[in-house]
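Here the sequence shown stands for residues -20 to -1, 1 to 354, numbered as in mature numbering (1 follows the signal peptide of the UniProt record, and there is no 0).
Glycine included, every Cβ here is placed at the ideal spot set by N, Cα and C.
The structure under discussion appears below in the form of structure tokens.
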Amino acid sequence: MKASYSFAIAALFCTPHVFAMQQDESSLMDDILTKLGSSETVDESKLIDWGVLPGPFVNPEQGFGIGVAAVGLYTPYDWQQGDPYSTVTVTSYGSTSGSYGLGLNNRTYLNSDKVRLLGEAWISHTPGYYWGIGSQAAENDRNKVQYEGQRLQLSPKIAVEVAPNTYAKLGWQWQSFNKVDGVDGDILPSEVTDVTSSGVLVGMEYDTRDFEPNPMKGQFLDIEWVANRDSLGSDEDYDNLIANYRLYQQWSDTTIVAMEVYSQSIFGDAPWFDYAQLGDDQRMRGYYQGQYRDKHQLSTQVEIRHTISGRHGVVGWLGAGNIAPTYHDLFASSWLPTVGVGYRFAFKARINVRVDLGIGKDSTGFYFQINEAF
């Protein structure tokens, strides 16, 4: 108690100096962020208004690592005032697990958002663990083996508005795992091998969100079907059906509630890496991605997003999910929980840097990403 009292008295006399130091530190940080491209507005005179931000991460899949994200906002040739800004994100990372990668994500909005050009590409070296298929395999560490391999992903899409806020989508989804091998003498199951998937994507999307990377209000319903076929270059013939519903409500000027339900079903003989999997930086945060995998998954989450002041904000979420060999079995066993908190910093106009701590049943994850989880 005495020490606390003495500190309070000292702080009272030192307040002007402390305040001045805080102002200097704040000014220095603002200068650094400005040089990195941070801004609360978009410079429409630039071809792409870039911002670059490095940061650490810790997650169950990759251990501790350093990532660098470059996010750009731009206006296409036919952009008009009131149209959404197009976005491009370039991400690179390296971690203590030996993983490293480079990714590109682009969303271009044309003709007053009546046409959307969407694209994602990744190249990465991915050490990881494999437990097998199903919940029982996932919860038995005697099944756990370590692998490494090179992963390539490419997914271009085009979405065209066919009714108000309703889009028809067509695309291609290609993934390849090469040079797959066991680590430290681990013998891999026969299914964990080099394999390629390639399929045509068709879908429908209903979207009333006010700004896709960081919505404050609106709804989003997305249904995608990917038909992977030998005739398209796939090693296996199988189908992937995904349904995703999101709702955003603004409770006040500073608080937003976001809700999501996500479903995935696999039909046919999918390769080991393309089963429905719980756990990533978007949903079921806190779980090792791929530990829980099966033919079907269903998850839901609710997140409260609150702006503290200026560019700073916090979030908290609660969710649950499950995997099963059939859709009916998803409701026949206990669901896995996820809970977490996060910090938000508005690095660009309506573009947040997020730092999340997710807690699962027996694991945790620390995530550093650009844009909201959903």
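Three or more Cβ pairs closer than 8 Å define a contact, and the segment 297 to 315 meets that threshold against the segment 269 to 280. With respect to G43, S75 sits close: the two C-beta atoms are nearer than 7 Å.
Inclusion of L258 and Y272 in the CB contact set at 7 Å is warranted, their separation being smaller than that value. For N123, the three-state secondary structure derived from DSSP is helix.
Nearest to Q199 by alpha-carbon distance, out of S211, D174, L227 and D190, is L227. In terms of Cβ geometry, T318 and M264 form a close pair [threshold 7 Å]. The DSSP-derived three-state label of Q116 is helix.
Just so you know, the alpha carbons of M239 and G165 end up roughly 44 Å apart.
Looking at the backbone, the Cα of F253 and that of T173 are separated by about 10 Å. For the options V163, K159 and Q153, the alpha carbon positioned closest to that of G213 is the one of Q153. When the five nearest sequence neighbours on each side are left out, the beta carbons in the same chain lying within less than 7 Å of the beta carbon of K197 are those of D190, Y228, Q229 and Q230, in order along the chain. When C-alpha distances from D217 are compared across V175, Y242 and Y186, the shortest belongs to V175. As DSSP reads the structure, S66 sits in a beta bridge with Y54. Cα atoms of D261 and D121: separation of roughly 23 Å, rounded to the nearest angstrom.
Inter-residue distance for S289 and I167 is about 53 Å (C-alpha atoms, whole angstroms). A straight-line Cα-Cα distance of about 15 Å links E100 and P193. Beta-bridge annotation (DSSP): R96 is paired with Y89 and A139.
Only residues of its own chain outside the window of five on either side were considered, and among them P40, G266, Y267 and Y268 have a CB closer than 7 Å to the CB of S343, listed in chain order. Per DSSP, reduced to three states, the secondary structure at W111 is coil, with no helix or strand assignment. With a cut-off of 8 Å on Cβ pairs, the segment 86 to 97 is not in contact with the segment 113 to 132, counting fewer than three such pairs. Per DSSP, the unbroken beta strand (DSSP E) holding P317 starts and ends at L316 to K328. A direct Cα-to-Cα measurement between M184 and Q244 gives close to 15 Å. Here G179 has Q153, V206, A207, N208, R209, L212 and S214 as same chain residues with Cβ atoms under 7 Å from its own Cβ, once five neighbours each way along the sequence are excluded.
The beta-carbon separation of H292 and F346, rounded to 19 Å, does not stay under the 8 Å limit for a contact. Under the three-state reduction of DSSP output, L310 falls in the helix class. Residue state for D23 is assigned as coil, using DSSP reduced to three classes. Residue environment analysis places N158 among the exposed positions, since fewer than 16 neighbouring C-beta atoms fall within 10 angstroms of its C-beta. For P64, the number of other beta carbons within 10 angstroms of its own is at least 16, and it is reported as buried. In this structure, the straight-line span from the alpha carbon of A117 to that of G320 is close to 26 Å.
N224 is not a Cβ neighbour of I246, given a cutoff of 7 Å. Collapsing the DSSP output to three states places W231 in coil. The beta carbons of T234 and T287 sit about 4 Å from each other, so the pair counts as a contact at 8 Å. F200 carries a strand assignment under DSSP once its states are collapsed to helix, strand and coil. Linking L181 to D202 through their CA atoms gives a straight-line distance of about 12 Å.
Excluding residues up to 5 positions away in sequence, V95, R96, L97, L98, K149, L150 and G151 lie with their Cβ nearer than 8 Å to the Cβ of I138 in the same chain. Following the DSSP letters along the chain, one finds V182 inside the beta strand (DSSP E) bounded by residues V175 to D187.
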